[in-house]
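Asks: Here you go, one structure.
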Amino acid sequence: MKHIVLTGGGTAGHVTPNIALIPRLQEMGYKISYIGSYEGIEKKLIEELGIPYYGISSGKLRRYFDLKNFSDPFRVIKGFGQARKLLKELKPDVVFSKGGFVTVPVVLAAKKRKIPAIIHESDMTPGLANKLCIPSAAKVCCNFPETVNSLPKEKAVLTGTPIRKELLHGDKEAARAFCGFTSHKPVLMIIGGSLGAASVNENVRKILPKLLEEFQVIHLCGKGKVDENLHGTSGYVQYEYIKKELPDLFALADVVISRAGANAICEISALHKPNLLIPLSAKASRGDQILNARSFERQGYSMVLEEEEITEETLLNSIKKLYAERQSYIDAMSSSTHMDSIRNITDLIDECAKH
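All residue numbers for the sequence shown refer to this note's numbering, where the first residue is 304 and numbers rise by one.
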């Protein structure tokens with residue numbers, strides 16, 4: 304039986320594409336193991352699927368000054384030793400990495416053990432963890448055509464990002480009952496990402512009374528970001544994180560506000576949901592979300608509002624404009640040829656496993 308080790312963690316965006324691949328890999332007869340961090344979001348998500356999970360030490364590689372910058376390299380070195388030992392025991396045929404800092408020791412250890420490693424970069428430009436992994440990788444999958452040019456020619460493969468199949472089969476009426484909504488008003492869904500988006504949450508709540516005049520609102524606000532004072536507000540529901548009901552909530556949503564992480568926006572466009580993207584600002588990140596958002600804007604899939612441009616007025620006007628022009632976004636997304644990313648990636652995995 305062929306054996307694959309999946310790795311990726313830190314945020315849901317580094318785990319959900321791996322989860323999307325699992326059913327197809329199982330159909331193909333693969334035994335699957337997962338290497339992640341000790342207590343990252345990936346641990347819970349993977350263990351719920353009954354996949355054997357192994358935690359290793361991992362450090363974050365920061366571009367800014369932090370005292371942890373002195374201790375984290377030792378965590379990475381420790382993680383490399385643990386990953387090497389694990390790969391020796393597990394003897395996988397291939398490793399697939401979705402990114403996040405926990406993957407660096409795993410991909411480096413795979414090279415040391417002569418196990419082919421495939422890495423996946425969802426964003427327009429590779430993140431630091433993937434940049435460190437590229438020299439050790441057999442192939443690098445990417446999501447945007449623009450990314451291919453910034454990768455080694457012999458390694459780059461345009462595959463798209465795997466979308467969880469269950470997202471495409473949501474039940475609108477089940478979501479309406481779950482939220483306690485009526486059918487008389489359109490539904491706006493706000494997604495802050497698995498870690499939440501404090502500034503998006505804050506600005507949405509400022510205009511909530513005006514929003515509720517025209518919309519019912521589903522707010523996925525992130526861990527610890529629920530506002531207790533808003534419990535019981537008619538036409539408004541808030542959740543830290545939703546897993547099982549997410550396909551239903553997407554089916555119910557007429558328009559969506561989201562950060563511009565690549566996995567999130569690929570899921571939204573695959574579902575043809577008119578969307579307003581509020582990318583993480585370049586001050587708070589390496590600017591990848593801005594590049595992702597602008598690419599989708601150019602293709603006519605998304606409207607973009609940068610964090611620095613947000614006021615109560617610009618946010619409210621953007622939402623109203625998005626809803627008024629929603630059909631043009633639906634048409635643009637419907638006419639795009641979405642790649643069969645799951646098949647592209649699993650075929651590549653099979654090819655590398657054979658070699």
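Idealized CB from N, CA, C, for every residue including glycine.
Nothing here was measured: the structure is a model prediction, and the numbers come from that model.
Between which two residues does the beta strand (DSSP E) harbouring C445 extend?
Replies: K442 to C445
Asks: Output needed for G316: all residues of its chain with C-beta closer than 6 Å, excluding positions within five of it in sequence on either side, in chain order.
Replies: G564 and N566
Asks: Can the beta-carbon of A440 be found less than 8 Å from the beta-carbon of V397?
Replies: no
Asks: Count the other C-beta atoms from every protein chain shown that fall within 10 angstroms of the C-beta of G463, then say buried if there are 16 or more, exposed otherwise.
Replies: buried
Asks: Do you know offhand how far V559's Cα is from P465's?
Replies: One C-alpha to the other measures close to 20 Å.
Asks: Between E628, T319 and T614, which lies nearest to E469 when the distance is taken from Cα to Cα?
Replies: T319
Asks: What residues in its chain sit with their C-beta under 8 Å from that of M304, if we drop five residues either side in the sequence?
Replies: For M304, where only same-chain residues beyond five positions count, the Cβ hits under 8 Å are G332, Y333 and K334.
Asks: A556 by DSSP, collapsed to three states: which one?
Replies: coil
Asks: Enumerate, from N- to C-terminal direction, the unbroken beta strand (DSSP E) stretches of 3 or more residues contained entirely within the region 526–608.
Replies: 539–542, 558–561, 578–580 and 605–607
Asks: Here's the rule I'm using: 16 or more other beta-carbon atoms within 10 Å means buried, otherwise exposed. How should E392 be labelled?
Replies: E392 comes out exposed.
Asks: Let me confirm a value: H658 is counted as buried when at least 16 other C-beta atoms fall within 10 Å, else exposed. Which label applies?
Replies: exposed
Asks: Do you know whose CA, among C445, H487 and I571, lies nearest E517's CA?
Replies: When each option's Cα is compared against that of E517, the closest is H487.
Asks: Using alpha carbons as the reference points, say which of R416, K415 and T406 lies closest to I422.
Replies: For I422, the nearest C-alpha among the options comes from T406.
Asks: Please check the pair H575 and I633, which I expect to be a contact at CB under 8 Å, by giving their CB distance rounded to whole angstroms.
Replies: Indeed, because the Cβ distance is near 5 Å, the residues count as touching under 8 Å.
Asks: For L328, collect the residues of the same chain with a Cβ closer than 8 Å to its Cβ; drop the 5 residues on either side in sequence, then sort them by chain order.
Replies: Only I307, I335, T649 and I652 meet the Cβ criterion.
Asks: I need the boundaries of the beta strand (DSSP E) containing S336, first residue and last residue.
Replies: K334 to S340
Asks: Short check: CB of A554 to CB of A478, under 8 Å?
Replies: yes
Asks: Give the single residue among P512, S502 and V520 whose Cα lies nearest to the Cα of L608.
Replies: S502
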